[in-house]
Every structure is written in structure tokens, then in C-alpha cells.
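Protein chains in written order, with my numbering: chain A, 1 to 374; chain B, 375 to 793. We put the beta carbon where it would ideally sit given N, CA and C, even for glycine. Worksheet: the structure to be examined is printed underneath.
See the structure below:
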């Protein structure tokens, strides 16, 4: 090829690329909510001389451009695999492990763990109601052998140690790590594409809780198994390792009730349901909300079973655990301190609970700024 | 801000014409001095007023000078120096005064290099301003340069920045962790800056301009003197031409030469930003250059080249440590806090090692890209049959990966939602 031809070719490639991007921007449909990211995308910035001269317009415009890039998810996914090819596994916060495991990086060491535990124990002392706490370790702590070689160290064992030593008299600490570790190869304790534990994992947790609280746990074969295919969870949507296979979600429903209960959700307004499982949510993108409809400030469940009254103070790790606990309590109230802003003491003096149970994922227990107990 | 640039253009355009028209040497000089005072006054006010008042308040607390904070107009450091090169050259009769205000305005506001250089001297482009012909060869050369610059910025500098951030934030990362961190920063600043320069030169090419090279593989230098001939060449040239030599350069005896060098380097430092660490950084290099000038250069020339290479890299990298800690990231106290980490506190921590392991390929790629190896291979292969196909693939790959990387960085799942 002659030099002139080469120059033409290279120039043409560049010009075509630039114009193709511009045309795609103009003609691809714009959405304002990103399903995978669960957030609203940047809006087209309003133009004014003020915003232009302060630089706000241009930086907002840049944000708008990258939020609305054509084939955005394809590009993000490409970038994830490019980082992987460079040997930088985990650059997007998620390790791509062996066997299709997507594993969150360990949480930050410099965190609020001590403060949060101190607040919980102090609160427990003040209530006079028997209180227990359980924390679900990180996925990477349990399935460490599936991590890539450059993975950072998971320090959940240190957290367990601290919990054991700080929870001596006022709070009963229910350590799940041995039980989960013992069964991690027989059962899949976590979802591969989501940060939550599975029903199998929660069932192990349920058994440990029953042991600690002197309850008789329901037998595993007293539950019916329902499955939901094609579950892509948060670990997937954070990293967009799009070649990963989806999880199959296993849902365990009591044979006796099939999950039926009187459920009242207070979330600004009051919603009622006759079942703890929200099957309609399996059709949506966030399938984990099949359990008790996901995050809400306040949920009351009248189970119809025999037993006492339980208060669960929790994050979303409790959602698949509570249907098991429903077998042993007549009433369960769940509050989520991230959204429930009334003093808990008010609730405790208005109603009488037999037991308080804190259920948190380890990362949230270590990082939450909302564990404020009055 | 656009207005400010227009004012500068008009003032210097008129000054240039007046200098050219006036017969009297003294009048010429007067006009030049006036225009330079105005140019530096504007730069001084917009870039340094906050810094000066802040320091005056520290020195003279009873004065209670109100704090001035003005937004820094984009590219002001670059275009002010460009404008001054014009008036000074007209005064020296190194170039003719530009009669067309459009052409002169084009020169000052030339967008490709407005933000991050190079500082294009007027006399290097005066002919191109009016007689340039865009042609396809030059355009395609521009494409190559632009894409190369893009790759440097997005695929090397940005991830290096992330590596430096995570190693800096890894407390007790050990000596090796800290050094790899500052080496990552050294790569970041080089590929960032030279990437922008390449993109600017590439865009210039596409528009029919030819700008001089701004970086020439600075990290292969065997002395600090050589480093400054290879790093930000247009800035070094500017200071030599319009400050060092007018101050008398090295023609007025040893003592005066040393003072001149210190002045030039202090101001070179200050040009980079209104913060004490930049002054310190400038003086640091001034002193190193003086030492090399006095005797060290002769010694270095006799040493095996890897020794002088290591010597240079050590002081360059250490220089970037000073450069990093500007006032807005903690200033000199943060610098003093960081330096011990380079020399004590264990070899390397497990965390730092894990971070570095994930970046080994990146570090190797950056080392290779800092040397002329790729260019040499390119020059050898470019005439081969079918090489253009490889070139097109490389260009498309860089464009796509860079886009993916920029979009990927903005991908920001609402993590709070997940619990």
C-alpha cells in the first residue's frame, strides 16, 4: 500500500470512530434509571453562564456523557475483563474467583466495628430483655479457596474474636463461623453472584440460633423447596463480569404454612400481605426481595405458630432467616436501623418482647453509621 | 474567563504592533515592560493572590487581610507564557509583529494545547498561522499521536494514579510499598502530562499545525541536567530563553550564575502551582543542577551508566514526592509525614504486596513505555507489508479500551442499596 493510502485509511478509521460514537449517542434510547446500578443516571445539565464559568456545567456534562454512553454495560464489562487480563483482579471491588464465584473484596480495616459492637452491648444492658447477636461472615472468608491469588486478607476471625470477648454477659454472641465452615462444601452457603447468604446458609444459621436460644429447630425435611432460575445478584451487577453464570435461587417454605403469615410492612404507608414470600418479586431484577419484600423500616409478622415475641434488629441478611425463625415465634418484629428512625426504647416500652436478636452481615456491622440505639 | 483571554490578546496585539512601529529603543522597552507587567499581573492575581494573602496573614497576623479566592482560569499559566514569548520576540526582533488580530488570537487561544501545553513559542508557529495546508499525511500522523496520547493518559496514567492512591492509603505498607507507590505516581505524572502533550500535538497536526516535542523519554536520563532537557521541554526552553539568559545566564561569573539558577528554578517551581511545596521542588532541582554543574556531572560521566541512571531516577522520583504534597493535600506537613515511610517501617506488608501483585503488568508496561523501545520497533516495522493492518487494529483497540475505561470508572453501583 502506498503511504497516501495508509494515511487515508488511518484517518478514516479515526473519523468513523468519532462520528459513530456521536451518532450512537444521538440515536440510542436514553434511560434515566440504571437497573444494574440501582441508581438514577445523571441528567442533562442545565446551561447557564454561571454554571459554565464555575466549571459545573462541563463536569456535569462529562458525567452525563459517561452515564449515558451507548452500550454502557458492554463497555463496563469490557473494562472489567481488561483489568482482569492485566492481572488486576478485583479492581471493581469484586474478585472473579474460581468456579464462577464473584466475591466482594474485604471491607476496610479502619472501620466502626468496635463502636457499633459497643453500642449494641450497651443497649442490651439497658433493656433487660434477653439479647443475642449473630453476624454473617463475608463470602471471601468462608470461600477463601476460591479467591484469586492477589486477594487481600479477610479478617472476619478477628471480628468474631472481638465479638466473643465483648459480648460476655449482656449479649449472647452466636458464632456461625464453625458451623458454616463445616458445611460449606456440602451446601452452597452464599450465592455466587450476590453478596447474601442462601437459604441453605441461613438454615445453618437458624440451627445455631436455636441451639443458643434453647429452641427446637424445625427439621430440614419439613420445608418444601422452590427454585428460581437466572438470579443475578449484586456481586454481578457491581462487577459486570458478564460471562458469569447466574445463580439458581432455592427458596425453603414450611410445609405446614407454605410461608403464610400476617405480614404488615410500615414504610411511610402500611402494606399488608398474607405470605412472607413475595413471589411476584421473582419476576423483577432484584430477586432477593422475594424474602419479605426487601428493605423496609418496620415489618411485623404474625406467624400463627406457638411461641414468644421476637424483635429482630437487622440488615438484609435477616430476610431469608426470619421465615425459619417464624417456626418458633408467634410474632416477629423486624426493624432496619438505616430507615427506622424512631427510638427503639419507645417500641420496647410499648410492646413486650421475649427476645431481641441482632442479625447483620459482617461488613455492615463494621461500617454502618446507622446503628444508633436510643 | 474568556473575557480575560480576550483582554490579554488585545493588549498584547497592540503592544506587539507598537513595539514594531516605534523607532526609539527606549519606547520599545517601555511598551514591552508595560505589557509584561500586565501579563504577569493578571497571572499573578488569578493564580497567586490567594496564596500571597494567605502567607501574608501568617507572617503579619495583625493585618487581617481578607482572603481572596478567585477561580483559576483554565490554561492561564500556559497562554500567559505563550503571549509573553510573542511580545519579547517582537522586541528582540526575532519575529515580526502579527498584523492580523485573528491570527494572533488563534495563536493564543489555540485549543489543542491550551490546557496542558506544550508552551508553543510564537516564532515556532508564526508562518503556520497564516500559511498552513492541512494534508492527509499530517492528519494521519495527528491521529497516531492523539491515540498514543490517549493511551498514555487513560490506559497508563489513570491506573497508575489509582495504584499510587491505594498504596499511599495503605498505612504501614512498608518501605517497598511506599517506593512502588511514589514510582507509580512518577509514572502517572509523566504519562498524564506527556499524554496530554501528545494529544495536543496530534490535534495540532489534524488542524495543520506542527508543535515541537515536549517530552523526550525523560526517565532514561543519566543526570538531572539531562532530565530537564527531556522533561517539559517547552517550559525549560521558555525559562532559559526569557529569564535565565536575560538575567545574564552564566556569563557574569560563578556567584551570579548560581543566583540566576536559583531564581529560575524557584520560579519554575512556583509556575507549577501556588503552593510552598512547588517552590521547594523547584529549589530542590535548582540545587541538584548546581551541584551537577560544579562537579558531579564530570563524575557521573565516568561512572557506569546504570549507576548514573539509578542516581537520576532516585532524585527524580524523590522530587515527585515533594511535588505531590501541595497545600490542598496536606502540604509540607503531610510531606514530612510521608517521607519516613520511604525509609523505615518494615519491608512490605501483605496488603501492599497484594495491591502491587495486581499491577505488575501495568508497571512493566509503564517501564517499557518510558523507553524508546516501542518507537524503535515501530520504526523498523512500519515499512513492512501489511503493517498498516496492525496499526489500524491497535488504534481501534486503544480507542475502544480507553472509552471502556473511562465509562468503567464512572460505573458506580449504588452500593448502599445492596444490604
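For residue i, count the other beta carbons within 10 Å of its own beta carbon; 16 or more makes it buried, fewer makes it exposed. Which is it?
| i | result |
| --- | --- |
| residue 413(B) | buried |
| residue 233(A) | buried |
| residue 352(A) | exposed |
| residue 362(A) | buried |
| residue 478(B) | buried |
| residue 358(A) | buried |
| residue 283(A) | exposed |
| residue 579(B) | buried |
| residue 714(B) | exposed |
| residue 216(A) | exposed |
| residue 545(B) | exposed |
| residue 384(A) | Not covered by the structure: residue 384(A). The range shown for chain A is 1 to 374. |
| residue 392(B) | buried |
| residue 792(B) | Because the pLDDT of residue 792(B) is 42, which lies under 50, any placement of that residue in the model is unreliable, and the question is left without a value. |
| residue 103(A) | buried |
| residue 346(A) | exposed |
| residue 331(A) | buried |
| residue 158(A) | exposed |
| residue 790(B) | Residue confidence is low: residue 790(B) scores 46 on pLDDT, short of 50, so the model does not pin down where it sits. Its coordinate-derived value is still stated next. So residue 790(B) counts as exposed. |
| residue 138(A) | buried |
| residue 99(A) | exposed |
| residue 753(B) | exposed |
| residue 433(A) | In the structure as shown, chain A starts at 1 and stops at 374, and residue 433(A) therefore has no counterpart that could be examined. |
| residue 555(B) | buried |
| residue 658(B) | buried |
| residue 5(A) | exposed |
| residue 171(A) | buried |
| residue 335(A) | buried |
| residue 360(A) | buried |
| residue 287(A) | buried |
| residue 531(B) | buried |
| residue 512(B) | buried |
| residue 255(A) | exposed |
Taking Cβ-Cβ distances shorter than 9 Å, what residues in chain A pair up with residue i?
| i | result |
| --- | --- |
| residue 575(B) | The contacting residues do not exist; residue 575(B) stays about 15 Å from chain A at best. |
| residue 614(B) | Near residue 614(B) there are no residues of chain A at all, since even the closest Cβ is about 33 Å away, more than 9 Å. |
| residue 519(B) | Within 9 Å Cβ-Cβ: nothing; residue 519(B) doesn't reach chain A, min ~11 Å. |
| residue 693(B) | Going along chain A, no residue has its Cβ under 9 Å from residue 693(B), so there is no contact; the nearest lies around 28 Å. |
| residue 736(B) | 86, 87 and 88 |
Using a Cβ cut-off of 8 Å, pull out every chain A residue sitting near residue i, in sequence order please.
| i | result |
| --- | --- |
| residue 461(B) | Simply none; closest approach about 27 Å. |
| residue 409(B) | Correct list: empty, because the minimum Cβ distance to chain A is about 26 Å. |
| residue 780(B) | 66 |
Which residues of chain A have a Cβ atom closer than 7 Å to the Cβ of residue i, listed in chain order?
| i | result |
| --- | --- |
| residue 773(B) | 17 |
Any beta-carbon of chain D closer than 8 Å to the one on residue i?
| i | result |
| --- | --- |
| residue 264(A) | The structure shown contains no chain D; its protein chains are A and B. |
Which residues in chain B have a C-beta closer than 8 Å to the C-beta of residue i? List them in chain order.
| i | result |
| --- | --- |
| residue 3(A) | 511 |
| residue 90(A) | 732 |
So if DSSP puts residue i in a beta bridge, which residue, or which two residues, is it bridged to?
| i | result |
| --- | --- |
| residue 782(B) | Note: residue 782(B) sits in no beta bridge, so no partner. |
| residue 253(A) | 224(A) |
| residue 361(A) | 136(A) |
| residue 308(A) | 329(A) |
| residue 102(A) | 96(A) |
| residue 355(A) | 310(A) |
| residue 300(A) | 264(A) and 333(A) |
Interface residues of chain B around residue i at Cβ under 9 Å?
| i | result |
| --- | --- |
| residue 345(A) | Chain B residues near residue 345(A): none, gap ~24 Å exceeds 9 Å. |
| residue 98(A) | Correct list: empty, because the minimum Cβ distance to chain B is about 17 Å. |
(message) What are the residues in the stretch 721-734 of chain B lying within 7 Å of chain A by C-beta distance?
(response) Under the 7 Å Cβ criterion, the stretch 721-734 of chain B contributes 724, 725, 728, 731, 732, 733 and 734.
(request) Can you check the stretch 149-195 of chain A for any beta strand (DSSP E) of at least 3 residues that lies completely inside it and give the ranges in chain order? (result) 171-174, all fully within the stretch 149-195 of chain A.
(message) Please identify, using Cβ separations under 8 Å, the residues of the stretch 64-80 of chain A that lie next to chain B, in order along the chain.
(response) Flagged, chain order: 66, 67, 69, 72, 75, 76, 78, 79 and 80.
(request) Quick one: which residues of the stretch 145-165 of chain A get their C-beta closer than 8 Å to a C-beta of chain B? List them in chain order. (result) Against chain B - using a Cβ distance shorter than 8 Å - the residues of the stretch 145-165 of chain A are 149, 150, 151, 152 and 153.
(request) Go through the stretch 312-351 of chain A residue by residue and report every complete run of the beta strand (DSSP E) that reaches 3 residues or more, in order. (result) Taking only runs of at least 3 residues, the beta strand (DSSP E) segments lying wholly in the stretch 312-351 of chain A are 329-335.
(request) Only counting runs of 4 or more residues, tell me where the alpha helix (DSSP H) segments fall wholly within the stretch 506-531 of chain B, in order along the chain. (result) Whole alpha helix (DSSP H) segments, 4+ residues: 510-524.
(request) Could you list the residues in the stretch 468-483 of chain B with a C-beta less than 7 Å from some C-beta on chain A, going in chain order? (result) Residues passing the 7 Å Cβ filter: none.
(message) In chain order, what are the residue ranges of uninterrupted alpha helix (DSSP H) at least 4 long that sit wholly in the stretch 432-484 of chain B?
(response) If we require 4 residues or more, the alpha helix (DSSP H) runs fully inside the stretch 432-484 of chain B come out as 450-465 and 475-483.
(request) Return the residues of the stretch 745-765 of chain B that lie within a Cβ-Cβ distance of less than 7 Å from chain A, sorted by chain order. (result) Taking 7 Å as the cut-off between beta carbons, the residues of the stretch 745-765 of chain B near chain A are 762 and 765, in sequence order.
(message) Could you tell me which whole alpha helix (DSSP H) segments of length 4 or greater appear in the stretch 558-628 of chain B?
(response) For the alpha helix (DSSP H) assignment, the uninterrupted runs of no fewer than 4 residues enclosed by the stretch 558-628 of chain B are, from N- to C-terminal side, 598-604 and 607-613.
(message) Could you tell me which whole alpha helix (DSSP H) segments of length 4 or greater appear in the stretch 718-757 of chain B?
(response) Under the rule that a run must span 4 or more residues, the alpha helix (DSSP H) segments found entirely inside the stretch 718-757 of chain B read 724-731, 734-743 and 747-755.
(message) Short of 7 Å Cβ to Cβ, which residues in the stretch 253-277 of chain A face chain B?
(response) Those would be none; no residue qualifies.
(message) Which runs of the alpha helix (DSSP H) at least 4 residues long sit entirely within the stretch 686-718 of chain B? Give them in chain order.
(response) Given a length threshold of 4 residues, each whole run of the alpha helix (DSSP H) inside the stretch 686-718 of chain B is given here in chain order: 705-717.
(message) Please give me, in chain order, every unbroken run of the alpha helix (DSSP H) with length at least 4 that falls completely inside the stretch 625-676 of chain B.
(response) Fully enclosed alpha helix (DSSP H) runs of 4 or longer: 628-645, 650-665 and 671-676.
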